[in-house]
Each structure stands twice: as C-alpha cells, then as structure tokens.
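Remarks on the structure that follows.
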Amino acid sequence: MSNIITVQDLHKSYGNKEVLKGVSFALEDGQIIGLLGPNGCGKTSMLKILTGLIHDYQGSVLIDGHPIGVDSKQLVAYLPERSYLASWMRAKDAIETIAALFLDFNRAKAFAMLKDFDLSADQKVKDMSKGMQEKLLLALTMCREARLYIMDEPLGGVDPAARLQIKQTILSNRPKGSAMLISTHQIHDLEDVFDHALMIREGVVIADEPVWSITAGGRTLEQFYCEKHGIPMFAPTQGHPTPPPGAPVGNLAAQLDALRQSDPEAYARLIQSQQQ
Amino acid sequence: MFRLIKNEIKSTAHSMTGIYLATGIAIAVMALTIQGMHFHILPNWVAALGLIISMVAGLLLFLLTMIVVLVNFSKSLYGAEGYLSFALPVSGGRLLGTKTIVSVIWMFSSYILSLLIEIGIMVYTTQTLATGEVMDLIKQILPMFVNMPNPSVLILAGVFMGLSFFLTLFMIVADVFFATTAANTRPFQKNARLWTILLSAAVLIPTMWISTRLTNDVPLTFMLTAKQVGFIPEAMSVPNQLSTYLPQGPGDWGIKFGVVGILFELPLSALLLYFTSYMMNHKTNVK
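Those protein sequences? They're chains W and S, same order as listed.
Position one of the first sequence corresponds to residue 1 (this note's numbering), numbered consecutively onward.
Position one of the second sequence corresponds to residue 1001 (this note's numbering), numbered consecutively onward.
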C-alpha cells in the first residue's frame, strides 16, 4: 500500500522554541491514524504544515507524493480546531461557500447532514454554540470526497452525546479507501476506530505503531498513552455515575447507551455535568 | 479564478452593503431636510446639518471602503478565516490576485460613487434652493465653457486622470497587502498589527516621495490641448509653455499630466505583489 503522508526530518520553531524536532514518519493510505500527544507537543503545528497553513518549516512533507501545494490541497479535507466561518454567515451560506470553492463537495449531502444534526440552515454561525459550530464544520468537511481527512480535535469541547454523534458521522461518511489523520485528547472515545497511532511528545515521535500491536497484550491505547507519557491512570471518582456491570470498558458509545437504558436519571446528570 | 472572484465579492459585499446603506440613509436625510426647509417645515440649520452629514458621508464612503478592504485582507488570510483560504487548492499568487482585483474594484466603485454623491448634492441643492442670484451666477459661468476643448479631449483627460488614480490605488493596495503579509511572517508575527502599519509606512512614504519627485522633475509629461495630445520634454514643475511644443489657436486650453511617477509606481506595485505572493507561499503562518 502506498503512503498517503510522508514526513522526513521536519523541524518547526516559534522564536527560540522548537516545537517539532526532526519528526519523521510515513503513514499508509486508507487508514485512520490517531495523532496523540499532550498540549503544546506540536500536533496542531504539524497538521497546519500538512494543510498548507504554516509555510516556514524545514524538512520534507509529501501528501500522496506531492509536496504541500495546490496538488496536495486538492486531496485534503481539513477540520481545524477553530471555526473559519465568518460570523455573519448562516449555515446555508457556509454550505454554499464551500460548495463554490471545492468541486468535490456534495451540497445536498451537507443540507441532509444539517437536518441530522438538528441544525437550522438559517441559523447564524455567531448564534451557534461551540458544539453546533463543531457539527457544522464537520458537515462541511465530511461532505467532501477527499483522499485524506485531517481533523484537529473533532471531539473537543462537546458533550458526550454530541461526541458520539460526531464519531458516528465521521465513520459513516468516510469515503471508501480514504485516510484520516485525527488529532485528539479523547483517546478513550476514539481508540476503537484508530488503525494506527502516532504519538508525539515535546516535538519528537515516541510511538508510531499499528493499534493492534499496542492492544495485543490486553492494554488499551489510553493505557499505552499514559505509560508513554508517565501519567498514572485514575480510578473512577466516587459519586460519579458508573456504567452498569457488563458494559464494555473503553467504548463510550456502548457505555452511554447502557447507562441511558439502565439509569436514565444518572445519564441525564452525566450529560448535564458535561454540558456545564 | 472566476469562482474565487465571485466568492470574494460575495464575502466582502456583506461589509460593503452596510457602508453603502449608511451613505444612502445620509443622502436621504439630506434630501428630506432640504425639502423640509424649502417648504418651511424645518429651520435652515437642520437642512445645513443634513447637507454636511451627506457630504461627510460621501467622503467617508471612500475612506471606509479602503479600511474595510484592507481589514478584510488581513482577516480572511491571517485571521480565523485563513484556515479556509490557505486550505483552498489554489496557489498563493491566485489567492492574492483575486483579493487585489476585488479590492481595487470596491475602492474604485466607492471613489466614483463618492464623486457622484458630491456632484449630486451640488446639483440637487442648487436646483432646490436656486434663487435669482444663483441662477444669474450660473448664467454668467456657462459662457466660460465655450472656450473648453472639444468633448473627446475632455473625455481623454478624464480617462487619464481616472487611470492615474486607479494606478495609485493599485499601488496603495499592493503596499498594504505586502505589509500585512510581511507582518504575518515569523519575525513580526507577535505584533502583527503594529508591524503592518510600520512596514506599510516604510514602503509607502519613500515610494510617494520618489514618485512625486520623478513626476515633478523628470522632463517628460503628457500634454492635452483642444487640438492635440502627446508627450512633451517638459517637467511638471516648469510652468505651462504650450506654444513651445504644441501648435494652438488663441484661447486654447491645455493641461499637463505627469507620467514618470506612474511609470515608477506600476512596476513597483507588481514587484510588491510578487514578494507578497512569495511570502504567502513560503514564509507566512496562520495563527
């Protein structure tokens, strides 16, 4: 299988601070890759380099063999961490804008996705909550027929129910054979979808492995992440609702579903506490 | 490119509509107050105030357009909207070209509209308030236009003035785009707004000084008279000596245009845009 992303000896500095220190890796096409690491480790800088937002770096970066430029950008759909939509826009303006700029954008699918998300096409972006904006941006990204989807914290700042919906949308709308590079702190929520994990710490790659080889010994990806970063795993705090016996650990979707059925009040409390 | 231009016009039209609407309201207020005074409903000072507001609105229209266009450039490339702009599958040069074309179109439209507003105010107030003395004055002025050159020369002079203004606008746009982009490269990015102003002034002030000196001192100007047009080897600073270069009849009218400054500004603007495009492709960071 060919490599969708090839990075060699990538360096990026902000002033005297070097955030990427000679990063090298190659990622196979058609996979879902988790880009994992603590805040400030260089994840977002790397995604910005891959999408053509940062230009002053040293090293070689190729997307499907193309250096970063017009050809590489044609292959990439990017979901940034922050909204790029002008505040005056309504959801339908955002869809029309993206439809006008990207030939591979499916306008009808985007409007259908808005309905699925319970978003009004006439609602202004500035009046939307963070979660609603996140869903709109996700619709704009996933309605493109791209070869590579790059997502920066797609589950950041949204409640568990929305996280589940976003995760399902990502998986169900991914074109066959396309690759995804997802940067996230919500390892627990996404570890069951990752084929490959790329971990970065202080600008250096500390793990670049298929997820099956990490979880082969029975540990979870989150446990592996904590081990690599020297973070102790915490036991659930008393007073928080816990999933009923039998719910599979490590699968947020199943846990939430089981909790909703067994204890609707606890489920409501959990959602409310997450929203606060 | 056409799709990019269309989208750029659409996205900037949102801000521009507000400016044009505000100007339209100011003019409507002026018309109402003058009518109110004409029919003795409103006191004179209210009409005077309405007149001043609409004249100021006409002048502000151009200034605000310039600010909106330049702020939009910065926001759409180096603000949050830059996440979309730089992810588009187009080259930096094409992105820059689109923004330059649309910016110059808006600025030129607002300039023409400003001019039309000021002329319109003059005509409207004269017609509405024309007393016997005003009409007498107009009758006295009209014969002076008899000695004006033929209409085709006047049109040519208008086109030349419009073109030189257009090129100066182009240079200002190129200068600010260059400064904004340079301010978003690593050495300046921490204080990007301050550096935009400083770098813009650092390029614009010497450019304007050199351009003015070249226009005034280099002995090459474009001459328009009622009968002829052509280049003459005379500097702008030298008083008009039409008869030396171009044959003319008694009472002929002539005007000189400096061209060397414009000839200097045009390649400089192109050079600034070239460097801007280079920085967009190789040096800038979107925060």
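Positions of the beta carbon are idealized from the N, C-alpha and C atoms, including for glycine.
Quick one: residues in its chain with C-beta nearer than 8 Å to the C-beta of residue i, no 5 flanking neighbours on either side, listed in chain order?
{"i": "W:Asp9", "result": "Gly22, Val23, Ser24, Gln58, Gly59 and Ser60"}
{"i": "S:Leu1032", "result": "Gly1050"}
Quick one: list the residues of chain S neighbouring residue i, beta-carbon separation under 8 Å, in chain order.
{"i": "W:Ile53", "result": "It should be pointed out that residue 53 of chain W corresponds to Leu in this sequence rather than to Ile. Here the neighbours are Gly1082, Tyr1083, Phe1086, Ala1087, Asn1285 and Val1286."}
{"i": "W:Val70", "result": "Pro1089, Val1090 and Ser1091"}
{"i": "W:Ser83", "result": "Ala1080"}
Which residues in the same chain have their Cβ closer than 6 Å to the Cβ of residue i, if we skip the five residues on either side of it in sequence?
{"i": "S:Ser1103", "result": "Val1069 and Val1173"}
{"i": "W:Gly239", "result": "Here the model assigns W:Gly239 a pLDDT of 49, short of 50, so the residue's position is not dependable, and the following value carries that caveat. Excluding sequence neighbours, W:Gly239 sits near nothing in its chain."}
{"i": "W:Met180", "result": "Ile32 and Tyr149"}
{"i": "W:Thr237", "result": "In this predicted model, W:Thr237 has a pLDDT of only 48, less than 50, meaning its place in the structure is not dependable; the value taken from the coordinates is given anyway. For W:Thr237, where only same-chain residues beyond five positions count, there are no Cβ hits under 6 Å."}
{"i": "W:Glu134", "result": "Val158"}
{"i": "W:Lys124", "result": "Arg90"}
{"i": "S:Gly1093", "result": "Ser1277"}
{"i": "W:Thr141", "result": "Ala77 and Leu79"}
{"i": "W:Ser120", "result": "none"}
{"i": "S:Thr1215", "result": "Met1236, Gly1258, Val1260 and Gly1261"}
{"i": "S:Glu1118", "result": "Gly1058"}
Would you tell me roughly how many angstroms separate the C-alpha atoms of residue i and residue j, rounded to the nearest one?
{"i": "S:Thr1180", "j": "S:Met1030", "result": "38 Å"}
{"i": "W:Thr184", "j": "W:Asp29", "result": "20 Å"}
{"i": "W:Thr169", "j": "W:Arg82", "result": "19 Å"}
{"i": "W:Thr51", "j": "S:Thr1023", "result": "41 Å"}
{"i": "S:Thr1212", "j": "S:Asn1281", "result": "33 Å"}
{"i": "W:Ala247", "j": "W:Phe224", "result": "With a pLDDT of only 49 at W:Ala247, under 50, the local geometry of the prediction cannot be trusted, and the value read off the model is given with reservation. C-alpha separation (whole angstroms): 21 Å."}
{"i": "S:His1040", "j": "S:Thr1125", "result": "15 Å"}
{"i": "W:Lys73", "j": "S:Gly1230", "result": "51 Å"}
{"i": "S:Thr1168", "j": "S:Leu1156", "result": "18 Å"}
{"i": "W:Gly15", "j": "S:Val1259", "result": "45 Å"}
{"i": "W:Pro210", "j": "W:Gly156", "result": "24 Å"}
{"i": "S:Asn1007", "j": "S:Ala1235", "result": "45 Å"}
{"i": "W:Asp64", "j": "W:Phe111", "result": "30 Å"}
{"i": "W:Ile4", "j": "W:Arg219", "result": "28 Å"}
{"i": "W:Asp152", "j": "S:Pro1089", "result": "19 Å"}
{"i": "S:Met1055", "j": "S:Asn1044", "result": "17 Å"}
{"i": "S:Gly1058", "j": "S:Ile1009", "result": "22 Å"}
{"i": "W:Phe105", "j": "W:Leu136", "result": "14 Å"}
{"i": "S:Met1107", "j": "W:Asp118", "result": "41 Å"}
{"i": "S:Val1203", "j": "W:Asp71", "result": "34 Å"}
{"i": "W:Leu221", "j": "W:Leu198", "result": "11 Å"}
{"i": "W:Pro278", "j": "W:Tyr84", "result": "As displayed, chain W neither begins before 1 nor continues past 276, which places residue 278 of chain W out of reach and without an answer."}
{"i": "W:Lys167", "j": "W:Leu190", "result": "8 Å"}
{"i": "W:Leu53", "j": "S:Ala1087", "result": "7 Å"}
{"i": "W:His229", "j": "W:Val205", "result": "12 Å"}
{"i": "W:Asp35", "j": "S:Gly1082", "result": "According to the sequence shown, residue 35 of chain W is Leu rather than Asp. Answer to the nearest angstrom: the Cα atoms are 23 Å apart."}
Cutting at 7 Å between CB atoms, please list the residues of its own chain near residue i, excluding the five before and the five after it.
{"i": "W:Leu20", "result": "Leu10, His11, Lys12, Gly42, Ser45, Met46 and Gly203"}
{"i": "S:Ile1262", "result": "Ser1164 and Leu1167"}
{"i": "S:Ile1105", "result": "none"}
{"i": "W:Lys109", "result": "Cys143"}
{"i": "W:Leu75", "result": "Ile63, Asp64, Ala146, Arg147 and Leu148"}
{"i": "W:Gly177", "result": "Gly30"}
Which residues in chain W sit within 8 Å of residue i, going by Cβ to Cβ distance?
{"i": "S:Thr1185", "result": "Asp56"}
Name the chain S residues whose beta carbon is nearer than 7 Å to that of residue i?
{"i": "W:Pro80", "result": "Tyr1083"}
{"i": "W:Ala277", "result": "The first residue shown for chain W is 1 and the last is 276, placing residue 277 of chain W beyond what the model contains."}
Interface residues of chain S around residue i at Cβ under 9 Å?
{"i": "W:Gln74", "result": "Pro1089"}
### Query
Between the segment 91-107 of chain W and chain S, which residues of the former have a C-beta closer than 7 Å to a C-beta of the latter?
Thr97, Ala100 and Leu101
#### Entry: Residues within the segment 1002-1023 of chain S neighbouring chain W, beta-carbon criterion of under 9 Å
So the close ones are Arg1003, Leu1004, Lys1006, Asn1007, Lys1010, Ser1011, His1014 and Ser1015.
### Message
Quick test of the definition: if touching needs 3 or more C-beta pairs under 8 Å, does the segment 1179-1197 of chain S touch the segment 1070-1084 of chain S?
### Response
yes
### Task
Give a yes or no on contact between the segment 1094-1113 of chain S and the segment 90-97 of chain W, applying the rule of three or more CB pairs nearer than 8 Å.
no
### Query
Closer than 7 Å, Cβ to any Cβ of chain W: which residues of the segment 1261-1287 of chain S, in chain order?
Asn1281, His1282, Lys1283, Thr1284, Asn1285 and Val1286
### Query
Listed from N- to C-terminal order along the chain, which residues in the segment 29-54 of chain W have their beta-carbon within a distance smaller than 8 Å of any beta-carbon of chain S?
Lys48, Thr51, Gly52, Leu53 and Ile54
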